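If you want it as C-alpha cells, here you go:
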C-alpha cells in the first residue's frame, strides 16, 4: 500500500469537503461520509469530529482546533452530507465558530446529525513553556500490544479497523476474550493504517476511536456519545500515538470517558472527555 | 440574613430572566447581570454559566443541564443583557439547544459575550446504578478550612466572596500567604452565603467559582477561560459541597482545570473541564 501523507491518505480523502456557498460569516461544504469508518453501520464519532474540524479549519481565520465540542443528535449514515459553518468571533489569537452536519432523511427532509462549537488558534504559535505534571500511560511497547492479527478487535468492526492501526494494551483487552478486567480503562497505540502521520485533525479521530471502556467494565453493546469535547494542546511529533481512556464515574445510566493522547516525544497532545449512555444490553 | 431557598435567594434573583419573545424554536430572555458576582469588574464565568443554564432550562423541554459547554467570547459587564436560545433537537430523554449572551457596547452595537451548546435531561429520572471508582477529595472538615474571616480570599474578590461561602483547604491556600505549593490543585467547601441549597443550576456556578489553580502554581493574574464544559451527573443532596480542581497540563500558554463537585452523601454530582489562558503577569 502506498504510504499515506498529510493531504494524501484515506483519512484526508474521506474527510474532503467541497465549498458550496459562502455568505458573510456562513459557509457551507458538501461532503460524503465514507462507509469505511463505520462500526456496525454507524459512522464513527471521531471520524465525524475530524470531518467537522476540517470544515471549521477552512471556515475560520485560524487553522487549528484548540477546543472542539460536539453534541451527537442522530446517527449519521454513509453518503452525502452538508456541513454548515458560522464564524462567531474573530480575535487576534483565537477565533470561535460553530458547525452543523446535516443529511437528508429518506423522505427528503433535512436531519441534523451533529452540532459543534469550537475555538481555533494556531498551534505553531504556542510558547515552549511546559509545566505539566501529567505522565504518559504505563503500557507495553507497540510490539507487545495486540493488533488485528491477534484477535477479535478487527472482527468486531471490520470497516474502521481496516483504516486504523490500533494495538491494545493486553491489560485492557480482556473483554475480547470474555474476561474483562472490571476497570474502566482502555489503552492502545494508535496510528492510521496507511501510515499517514498524525496532525491536529487526526487527533480528533484518535480521541474517539478505541473500543469503549464499558467493554472492560463487562458491559456490551453500543455506547452512544451524547457530547464530546476535545482540547488539542500541541502538534503531535512523528511516530505512533498512545491513547489512554479512563472512566471513573458510571452512574445513573451515563458514563464519562476521559482520553489522553501522547506523542512519541512523551508530550500530552490532546485531552478529551465525553458523556455517553451506558449500554442497555447488559 | 433571611435563609435563601431555591427560588428565593440572591443567586436566583441575580439569574432571573424575563421572556421577551418566542418564535418557533427560538426564545429570547431579558436579564440583568449583577455587579455582585464580579471579580475586579469582570463578571464570574460560573455565575454566567448558571444564568445561561437557567435560560436553556426554560427554553428546552427537559429541565436539567446534563452537558453544558460555554465559549467565552468577550468580557461581560454588569448591566442589561439578552439571552437568545435555540432548540436544536428534542428527544424522549434528552434535548439539545444553544444560547447566546449578548450585550450592547457603548456605541450601541451588539456584542456576543458567550456562546453555549448544551444537552438537557431530567435528573429525576436517572437510574440508581452506581459503579463509580472516583473517590471524594481528601480534605479537612469544613471547620478546619479557611473562610472569609481567615484571610485575603475575601479581599481578593469582595463582591463575589460576599455571595459565596467558600472554605479553602489549607493545603491549597498557600498562595494567599505568598507561599504557593507549586501544585495545580485547589480544594474548598462550597455553599451560597445565604444558605440556599445546591441544585443543578448552582452546580454550574460551583465548577468555576474557586480561585484559579494557577495561583497555587505561583502564577498571578487573570486566567481567562476559553471554554468550559460541565457535566451534571446527579441532583446534589442537602448540605455543603466539596469542590476539587486539578491542573495537570500547563503548556504552550494554556492550562486545563478539571473540577469535581461532591455532595454531602459522597456522590460525584458534577465534573467539568475548562481550557484557560496562562496568566501573562508571571
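Protein chains in written order, with our numbering: chain D, 1 to 282; chain E, 1001 to 1282.
Ideal Cβ placement from N, Cα and C applies to all residues, glycine included.
Here the structure is a predicted model, which means the values were calculated and not measured.
Worksheet entry | Minimum Cβ-Cβ distance from residue 1073 of chain E to chain D less than 7 Å | Taking the second chain and counting its residues from 1, the one referred to as residue 1073 of chain E is at position 73. Answer yes: the Cβ-Cβ gap between residue 1073 of chain E and chain D drops below 7 Å somewhere.
Worksheet entry | DSSP state of residue 133 of chain D mapped onto helix, strand, coil | Position 133 of the first chain, counted from the first residue, corresponds to residue 133 of chain D. Here residue 133 of chain D sits in coil by DSSP.
Worksheet item: How many Å lie between residue 1056 of chain E and residue 1099 of chain E at the Cα?
Response: As a first step, residue 1056 of chain E is located in the second chain; it is residue number 56 there, counting from the start. As a first step, residue 1099 of chain E is located in the second chain; it is residue number 99 there, counting from the start. Each residue's alpha carbon lies about 7 Å from the other.
Worksheet item: Could you check where the alpha helix (DSSP H) with residue 1077 of chain E kicks off and where it finishes?
Response: In the second chain, counting from the first residue as 1, residue 1077 of chain E sits at position 77. Unbroken run through residue 1077 of chain E: none, as it is neither H nor E.
Worksheet item: Cα separation between residue 1019 of chain E and residue 1083 of chain E?
Response: Position 19 of the second chain, counted from the first residue, corresponds to residue 1019 of chain E. Position 83 of the second chain, counted from the first residue, corresponds to residue 1083 of chain E. Distance between the alpha carbons of residue 1019 of chain E and residue 1083 of chain E is about 9 Å.
Worksheet item: By DSSP, does residue 1245 of chain E sit in helix, in strand, or in coil?
Response: Residue mapping note: residue 1245 of chain E aligns to position 245 of the second chain, counting from 1. Three-state result, residue 1245 of chain E: strand.
Discussion item. Taking 8 Å as the cut-off, does the stretch 135-149 of chain D touch the stretch 186-204 of chain D (at least 3 CB pairs, one atom from each stretch)?
Written reply: yes
Worksheet item: Count the other CB atoms within 10 Å of the CB of residue 1067 of chain E; is the residue buried (16 or more) or exposed (fewer)?
Response: Within the second chain, residue 1067 of chain E is the residue found at index 67, counting from 1. With 16 or more Cβ atoms within 10 Å of its Cβ, residue 1067 of chain E is classed as buried.
Worksheet item: Which residues in chain D sit within 7 Å of residue 1231 of chain E, going by Cβ to Cβ distance?
Response: Counted from its first residue, the second chain places residue 1231 of chain E at position 231. Those within 7 Å of residue 1231 of chain E in chain D are 256 and 275.
Worksheet item: So residue 247 of chain D packs on residue 238 of chain D, CB below 8 Å; how close in whole Å?
Response: Sequence index remark: in the first chain, residue 247 of chain D carries index 247 (1-based). Sequence index remark: in the first chain, residue 238 of chain D carries index 238 (1-based). Contact doesn't hold; Cβ gap of about 30 Å is too wide.
Worksheet entry | At least 3 beta-carbon pairs within less than 8 Å: the stretch 1173-1180 of chain E vs the stretch 1024-1031 of chain E | no
Worksheet entry | Rounded distance between the beta-carbons of residue 1078 of chain E and residue 1035 of chain E, thought under 8 Å | Within the second chain, residue 1035 of chain E is the residue found at index 35, counting from 1. Within the second chain, residue 1078 of chain E is the residue found at index 78, counting from 1. The pair is a contact, with the Cβ atoms about 4 Å apart (cut-off 8 Å).
Worksheet item: When the Cα of residue 1286 of chain E is compared with those of E:1275, E:1244 and E:1104, which residue comes out closest?
Response: This structure does not reach residue 1286 of chain E, given that chain E is present from 1001 up to 1282, and the question cannot be answered.
Discussion item. Between the alpha carbons of residue 1081 of chain E and residue 1048 of chain E, how many angstroms are there, rounded?
Written reply: Within the second chain, numbered from 1, the residue matching residue 1081 of chain E stands at position 81. Within the second chain, numbered from 1, the residue matching residue 1048 of chain E stands at position 48. Going by the C-alpha atoms only, they are around 11 Å apart.
Item to complete: Starting from residue 1072 of chain E, trace the beta strand (DSSP E) both ways and give me its first and last residue.
Response: For this step, residue 1072 of chain E is matched to residue 72 along the second chain. Counting along the chain, the beta strand (DSSP E) containing residue 1072 of chain E begins and ends at 1064-1072.
Worksheet entry | Rounded C-alpha distance that separates residue 13 of chain D from residue 129 of chain D | Taking the first residue of the first chain as 1, we reach residue 13 of chain D at position 13. Taking the first residue of the first chain as 1, we reach residue 129 of chain D at position 129. Distance between the alpha carbons of residue 13 of chain D and residue 129 of chain D: 35 Å.
Fill in: 7 Å Cβ shell around residue 75 of chain D - same chain, five flanking residues per side excluded
Stepping through the first chain from its first residue, residue 75 of chain D is reached at position 75. Counting only Cβ-Cβ distances below 7 Å, and skipping sequence neighbours, we find 42.
Discussion item. Taking the alpha-carbon of residue 1209 of chain E as reference, which of E:1106, E:1150, E:1226 and E:1045 has the nearest alpha-carbon?
Written reply: In the second chain, counting from the first residue as 1, residue 1209 of chain E sits at position 209. For residue 1209 of chain E, the nearest C-alpha among the options comes from E:1045.
Discussion item. I need the boundaries of the beta strand (DSSP E) containing residue 256 of chain D, first residue and last residue.
Written reply: Here the question's residue 256 of chain D lines up with position 256 in the first chain. First-last of the beta strand (DSSP E) with residue 256 of chain D: 254-262.
Worksheet item: Between which two residues does the beta strand (DSSP E) containing residue 1029 of chain E stretch?
Response: Translated into positions along the second chain, residue 1029 of chain E becomes position 29. Run containing residue 1029 of chain E: 1026-1033, per the beta strand (DSSP E) assignment.
Practice prompt. Pull up the distance between the alpha-carbon of residue 1061 of chain E and that of residue 233 of chain D, whole angstroms please.
Written response: One-based indexing of the second chain puts residue 1061 of chain E at position 61. One-based indexing of the first chain puts residue 233 of chain D at position 233. Answer to the nearest angstrom: the Cα atoms are 36 Å apart.
Worksheet entry | Positions along the stretch 1054-1082 of chain E whose CB lies within less than 8 Å of some CB in chain D | 1066, 1067, 1069, 1071, 1073 and 1074
Practice prompt. For residue 1272 of chain E, count neighbouring Cβ atoms within 10 angstroms of its own Cβ and tell me buried if that reaches 16, exposed if not.
Written response: Within the second chain, residue 1272 of chain E is the residue found at index 272, counting from 1. Buried, since its Cβ has 16 or more Cβ neighbours within 10 Å.
Practice prompt. Give the residues of chain D in contact with residue 1266 of chain E, contact being defined as C-beta atoms less than 7 Å apart.
Written response: Here residue 1266 of chain E corresponds to residue number 266 of the second chain, with the count starting at 1. The contacting residues do not exist; residue 1266 of chain E stays about 12 Å from chain D at best.
Item to complete: Indicate the three-state DSSP secondary structure (helix, strand or coil) for residue 49 of chain D in the structure shown.
Response: The residue you call residue 49 of chain D lines up with position 49 of the first chain. If DSSP states are grouped into helix, strand and coil, residue 49 of chain D belongs with the helices.
Worksheet item: Would a check of beta-carbon distances place residue 249 of chain D closer than 7 Å to chain E?
Response: Numbered from its first residue, the first chain carries residue 249 of chain D at position 249. Output row for residue 249 of chain D: interface = yes.
Discussion item. On the CB-based measure, 16 or more other CB atoms within 10 Å of its CB, does residue 1008 of chain E come out buried or exposed?
Written reply: As a working mapping, residue 1008 of chain E is identified with position 8 in the second chain. Exposed, because fewer than 16 other Cβ atoms sit within 10 Å of the Cβ of residue 1008 of chain E.
Worksheet item: Exposed or buried, which one is residue 206 of chain D when buried takes at least 16 other CB atoms within 10 Å?
Response: Position 206 of the first chain, counted from the start, is the residue given in the question as residue 206 of chain D. When all chains shown are included, residue 206 of chain D counts as buried.
Discussion item. With H, G and I counted as helix, E and B as strand and the rest as coil, what does DSSP make of residue 86 of chain D?
Written reply: Position 86 of the first chain holds residue 86 of chain D. Strand.
Worksheet item: Which residues in the same chain as residue 1280 of chain E place their Cβ atom closer than 8 Å to its Cβ, once the five residues preceding and following it in sequence are excluded?
Response: Here residue 1280 of chain E is taken as the residue at index 280 of the second chain, counted from 1. Closer than 8 Å at Cβ, skipping near neighbours: 1221.
Worksheet item: Does DSSP classify residue 1015 of chain E as helix, strand or coil?
Response: One-based indexing of the second chain puts residue 1015 of chain E at position 15. Note: residue 1015 of chain E maps to coil in three-state DSSP.
Worksheet item: With residue 1278 of chain E and residue 1250 of chain E assumed to form a contact (beta carbons below 8 Å), what rounded beta-carbon distance in angstroms separates them?
Response: As a position in the second chain, residue 1278 of chain E is number 278, starting the count at 1. As a position in the second chain, residue 1250 of chain E is number 250, starting the count at 1. Contact flag correct, Cβ pair sits at about 6 Å.
Worksheet item: If the cut is a Cβ gap below 8 Å, which residues of chain D does residue 1096 of chain E touch?
Response: The residue you call residue 1096 of chain E lines up with position 96 of the second chain. In chain order: 71, 73 and 115.
Worksheet item: With distances taken between CB atoms, is the gap from residue 1071 of chain E to residue 119 of chain D smaller than 7 Å?
Response: Against the second chain, residue 1071 of chain E aligns to sequence position 71. Against the first chain, residue 119 of chain D aligns to sequence position 119. A contact, by the Cβ cut-off of 7 Å.
Worksheet item: Would you say residue 1253 of chain E reaches chain D, if we count a Cβ-Cβ gap shorter than 7 Å as a contact?
Response: Position 253 of the second chain, counted from the first residue, corresponds to residue 1253 of chain E. Yes, contact with chain D.
Fill in: Simplified DSSP state of residue 1199 of chain E, which is helix, strand or coil
For the purposes of this step, residue 1199 of chain E is taken as the residue at position 199 of the second chain. In this structure, residue 1199 of chain E counts as coil in the three-state DSSP scheme.
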